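J.: Going down the list, the sequences are from chains Y and Z.
Heads up: the first sequence begins at 186 in this note's numbering, then just goes up one per residue.
Heads up: the second sequence begins at 112 in this note's numbering, then just goes up one per residue.
Where a beta carbon is used, it is the ideal one built from N, C-alpha and C, also for glycine.
Being a predicted model, the structure only gives us computed values, none of them experimental.
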Amino acid sequence: MVHPELLSRYPFFSFLKPAQLKKIAKVAKEEAYERGAILFRENDKANAFYILLKGSVELLFVVDVEYHPELHKELRFRVIYPGESFGISAFIEPHILTSTARAVEPSSVIKIEAGPVLEMCQKDEKLAYALIHQVARVAVDRLNATRLQLAAVWKPVEIK
Amino acid sequence: MISPERLRQYPFFGSLDENQLRQVAMLTEEEVYQSGEVIFHEGEVASTLYFLLEGYIDLYYTIAEMKHATLDKGIPVGEINPGEPFGISSLIEPYQLTATARTNGLCRVIRLDAAQLRSLFAKDRRMAYLLTHQAAKSAIDRLHATRIQLAAAWA
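(1) Measure the alpha-carbon distance for I309 of chain Y versus P196 of chain Z and round it to whole angstroms.
(2) Regarding T139 of chain Z and the ligand HEM, is the C-beta to nearest heavy atom distance less than 7 angstroms?
(3) May I have a chain-ordered list of the alpha helix (DSSP H) segments no shorter than 4 residues that lie completely inside the stretch 289 to 318 of chain Y?
(4) For the putative contact between L245 of chain Y and E259 of chain Y, defined by C-beta atoms under 8 angstroms, what is the C-beta separation to the nearest angstrom?
(5) Which residue's Cα is closest to the Cα of P193 of chain Z: Z:S200, Z:T214, Z:Y206?
(6) Taking the alpha-carbon positions, what's the E140 of chain Z to F198 of chain Y distance?
(7) Run through DSSP, which three-state label would Y240 of chain Z get?
(8) Evaluate R226 of chain Y with the Cβ neighbour count: other Cβ atoms within 10 Å of its Cβ, from every protein chain shown; 16 or more gives buried, anything less gives exposed.
(9) Applying the criterion that 16 or more other CB atoms from any shown protein chain within 10 Å of the CB defines a buried residue, is V143 of chain Z buried or exposed?
(10) On the DSSP letters alone, give me the boundaries of the alpha helix (DSSP H) that E204 of chain Z sits inside.
(11) Would you tell me roughly how many angstroms separate the C-alpha atoms of V302 of chain Y and E148 of chain Z, rounded to the nearest one?
(12) Taking all protein chains shown into account, do 16 or more other C-beta atoms lie within 10 angstroms of the C-beta of G240 of chain Y, making it buried, or fewer, making it exposed?
(13) Within the 8 angstroms Cβ cut-off, does S274 of chain Y reach chain Z?
(14) Among Y:A324, Y:E219, Y:A337, Y:K207, which residue has its Cα nearest to the Cα of E269 of chain Y?
(15) Looking only at its own chain, which residues have a Cβ that is under 8 angstroms from the Cβ of T159 of chain Z, when we skip the five neighbours before and after it?
(16) Which stretch, first to last residue, makes up the alpha helix (DSSP H) that contains I113 of chain Z?
(17) Applying the 10 Å Cβ sphere with the 16-neighbour rule, what's the burial state of H188 of chain Y?
(18) In the DSSP assignment, the alpha helix (DSSP H) including F197 of chain Y goes from what residue to what residue?
Here you go:
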């Protein structure tokens, strides 16, 4: 478990009441990763949510072609910095991760098991709403950042 | 007003009960837009939630420094297909639109007054959860689709 006070410092959990914070802190733990360590892989079951405490973590799409290791390709579309959260798929069906996360440098995270949090939500509608609203906010922020990246590489179609 | 029976056909509303569906239906109206019309602009307050019934909608970003004859419409960053919600920022703080929506062909849409919907949310937390959950899902789906577009553009 982590100290509830630690959780309360992160904007993602700013909506929680002290009692809720305590419960979530119980299913959270700190974890450290070496440089290059994989935190999770695309298409794996999303069962935990993360807040980055230290270091940096890249989110990637990995493209592999069977029997052709030379075609292995990685597309890095986002770097997560301390204070940011990731793994929001853990809180939403179908609970499948949509990218691979890898530590760029020695990094530490708060890892929160999603199962117990979702169970708490079933008994507490206010908590369920507040949590899903935060998830939606993070998703919209990420969507904006990704659209901006897309806009940056966009080229007007030549009219001949 | 769109009938509750018709609203129920959309997965977005599928989880609401009879009573909730009726309350939501009362906030809706149907509207037709001609091709090339702007439904909303990036940066505006998001006060309406939309569903596309028919036609196609393109989403654009406008970047001031790039004002250019070929870019006067902005840079395309996504599209909305029939059956999909848009303007979901109207359910998510800070309730601000993040892209410009322009019709591509004749479009029929459902408009839903988001301020009134949010006052229903204040009284009915279950409804607030169910619909915000749908908005989150659609944001994540769109995020995933946009990342794939980006990956294709980089490849």
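T.: A quick look at the data gives this:
(1) Here residue 309 of chain Y refers to the residue found at position 124 of the first sequence. Here residue 196 of chain Z refers to the residue found at position 85 of the second sequence. According to the sequence as given, residue 309 of chain Y is Asp; it is not Ile. Cα to Cα, D309 of chain Y sits roughly 27 angstroms from P196 of chain Z.
(2) Among the components modelled here there is no ligand, and therefore nothing to report on the ligand HEM.
(3) The qualifying runs are 299 to 308.
(4) Taking the first residue of the first sequence as position 1, residue 245 of chain Y is located at position 60. Taking the first residue of the first sequence as position 1, residue 259 of chain Y is located at position 74. L245 of chain Y to E259 of chain Y, Cβ: 5 angstroms. Contact.
(5) Residue 193 of chain Z sits at position 82 when you count from the first residue of the second sequence. Nearest of Z:S200, Z:T214, Z:Y206 to P193 of chain Z, Cα basis: Z:T214.
(6) For the purposes of this step, residue 140 of chain Z is taken as residue 29 along the second sequence, with counting starting at 1. For the purposes of this step, residue 198 of chain Y is taken as residue 13 along the first sequence, with counting starting at 1. Approximately 36 angstroms, taken between the alpha carbons.
(7) Your numbering for residue 240 of chain Z matches position 129 in the second sequence. Looking at Y240 of chain Z - three-state DSSP - the assignment turns out to be helix.
(8) As a first step, residue 226 of chain Y must be located in the first sequence, where it is residue number 41. By the 16-neighbour rule on beta-carbons within 10 angstroms, R226 of chain Y is exposed.
(9) Locating residue 143 of chain Z in the second sequence gives position 32, where the first residue counts as 1. Flag for V143 of chain Z reads exposed.
(10) Here residue 204 of chain Z is taken as the residue at index 93 of the second sequence, counted from 1. For E204 of chain Z, there is no enclosing alpha helix (DSSP H), as DSSP marks it with neither H nor E.
(11) As a first step, residue 302 of chain Y must be located in the first sequence, where it is residue number 117. As a first step, residue 148 of chain Z must be located in the second sequence, where it is residue number 37. Straight-line measurement puts the Cα of E148 of chain Z at about 44 angstroms from the Cα of V302 of chain Y.
(12) Taking the first sequence and counting its residues from 1, one reaches residue 240 of chain Y at position 55. By the 10 Å Cβ count, G240 of chain Y comes out buried.
(13) Mapped onto the first sequence, residue 274 of chain Y falls at position 89. At a cut-off of 8 angstroms between beta-carbon atoms, S274 of chain Y makes contact with chain Z.
(14) In the first sequence, residue 269 of chain Y corresponds to position 84, counting from 1. Taking E269 of chain Y as reference, the option from Y:A324, Y:E219, Y:A337, Y:K207 with the minimal CA-CA separation is Y:A324.
(15) Start at 1 with the first residue of the second sequence, and residue 159 of chain Z comes out as number 48. Excluding residues within five positions, the ones whose Cβ falls inside 8 angstroms are F151, G198, S201, R222, L223, D224, A225.
(16) As a first step, residue 113 of chain Z is located in the second sequence; it is residue number 2 there, counting from the start. For I113 of chain Z, no alpha helix (DSSP H) encloses it, and the DSSP letter there is neither H nor E.
(17) Position 3 of the first sequence holds residue 188 of chain Y. With fewer than 16 Cβ atoms within 10 Å of its Cβ, H188 of chain Y is classed as exposed.
(18) Along the first sequence, read from residue 1 onward, the residue named residue 197 of chain Y stands at position 12. F197 of chain Y: not part of any alpha helix (DSSP H); DSSP gives it neither H nor E.
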